[in-house]
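First the structure, in the form of structure tokens, and then the observations on it.
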Amino acid sequence: MAGKPKLHYFNGRGRMECIRWLLAAAGVEFEEKFIEQPEDLDKLKNDGSLMFQQVPMVEIDGMKLVQTRAILNYVATKYNLYGKDMKERALIDMYSEGVADLGDMIILLPLCPPDQKDAKIAQIKEKTTNRYLPAFEKVLKSHGQDYLVGNKLSKADIHLVELLYYVEELDPSLLANFPLLKGLKTRVSNLPAVKKFLQPGSQRKPPMDEKKLEEAKRIFRIK
1 MAGKPKLHYF
11 NGRGRMECIR
21 WLLAAAGVEF
31 EEKFIEQPED
41 LDKLKNDGSL
51 MFQQVPMVEI
61 DGMKLVQTRA
71 ILNYVATKYN
81 LYGKDMKERA
91 LIDMYSEGVA
101 DLGDMIILLP
111 LCPPDQKDAK
121 IAQIKEKTTN
131 RYLPAFEKVL
141 KSHGQDYLVG
151 NKLSKADIHL
161 VELLYYVEEL
171 DPSLLANFPL
181 LKGLKTRVSN
191 LPAVKKFLQP
201 GSQRKPPMDE
211 KKLEEAKRIF
221 RIK
């Protein structure tokens with residue numbers, strides 16, 4: 001029997017958090033090997049574990065997978081969260097990429113220079129309410145089903161709900177005009193595996209604070 005997937009990253013959200021969410025939603029237990037020092041990262045690079053010299057890296061099914069989207073697609077395929085045919089997968093990918101576009105802006109916000117932060121937050125809020133959330137609300141309205149694609153939970157739903165939590169952290173009022181998205185968030189959050197992941201003490205990571213940001217900068221040698 002294969003062991004649990006092992007996730008190599010620092011002890012924070014970053015680009016690994018969407019992988020944690022997807023594994024958790026699939027009901028998969030996983031281990032985490034935290035990178036705590038720059039030397040830990042150097043060791044992974046030097047022993048050939050990181051194809052492109054960067055993390056996230058996930059050990060799963062005898063492979064050392066890097067590149068976030070490749071990892072997500074493998075997990076989604078393995079655990080039947082990737083649609084029933086090519087057309088559904090295309091839609092799931094399209095929606096997931098939209099989530100990633102907005103999600104990346106939020107993930108990178110802590111790295112924004114202080115004098116630019118207010119403007120960046122205003123830009124994120126504007127794109128959230130005028131571009132991204134209306135698009136997803138329209139999808140749900142167009143077919144009246146519980147999930148984005150094929151009336152079945154997919155990685156697109158999980159990625160979107162993770163994003164909705166980040167949007168609420170930024171400003172809870174941003175979701176006010178999107179009842180179908182609020183319904184999706186409630187529905188996915190109440191799935192037993194996701195509900196467990198949302199409980200205190202799970203492997204879900206908290207928002208990036210100043211201390212965690214400094215830790216990440218030190219580990220990844222970000223000036």
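full-length UniProt numbering numbers the first residue of the sequence shown as 1 and each following residue consecutively.
Beta carbons: idealized from backbone N, C-alpha and C, even for Gly.
According to the DSSP secondary-structure assignment, H8 is paired through a beta bridge with K33, M57. Burial is judged here by how many other beta carbons sit within 10 angstroms of a residue's own beta carbon; S142 has fewer than 16 and is exposed. Across the structure, L102 and D47 are spaced so that their CA atoms are roughly 34 Å apart. Around the beta carbon of I222, fewer than 16 other beta carbons lie within 10 angstroms, which makes this residue exposed. Boundaries of the alpha helix (DSSP H) harbouring V99: 86-107, taken from the DSSP string.
If you look at V66, you'll find it in the beta strand (DSSP E) that goes 63-66.
Counting the other CB atoms within 10 Å of its CB gives M16 a total of 16 or more, which places it among the buried residues. Less than 7 Å separates the beta-carbon of L175 from that of K182. A contact between stretches requires three or more CB pairs, one per stretch, nearer than 8 Å, and the segment 17-25 meets this requirement with the segment 143-160.
Here DSSP, grouped into helix, strand and coil, assigns S49 to coil. Taking every protein chain shown into account, the CB of S96 has 16 or more other CB atoms within 10 angstroms, so this residue is buried. Non-local beta-carbon contacts of V188 in its own chain, meaning distances under 8 Å to residues more than five positions away in sequence, involve A25, L153, D157, I158, V161, V194 in chain order. Under the three-state reduction of DSSP, P192 is assigned to helix. When E210, P134, Y74, L170 are compared, the shortest CA-CA separation from G62 is found for Y74. Taking all protein chains in view, the Cβ of G3 is surrounded by fewer than 16 other Cβ atoms within 10 Å, so the residue is classified as exposed. The Cβ atoms of I106 and Y166 sit closer than 7 Å to each other. In terms of CA proximity to I60, E31 leads the group E36, R13, M86, E31. If you check the CB distance, P110 and V58 do not come in under 7 Å. Per DSSP, reduced to three states, the secondary structure at Q116 is helical. Y9 is not a Cβ neighbour of P38, given a cutoff of 7 Å. In terms of Cα proximity to Q67, the closest of K78, Y82, S49 is S49.
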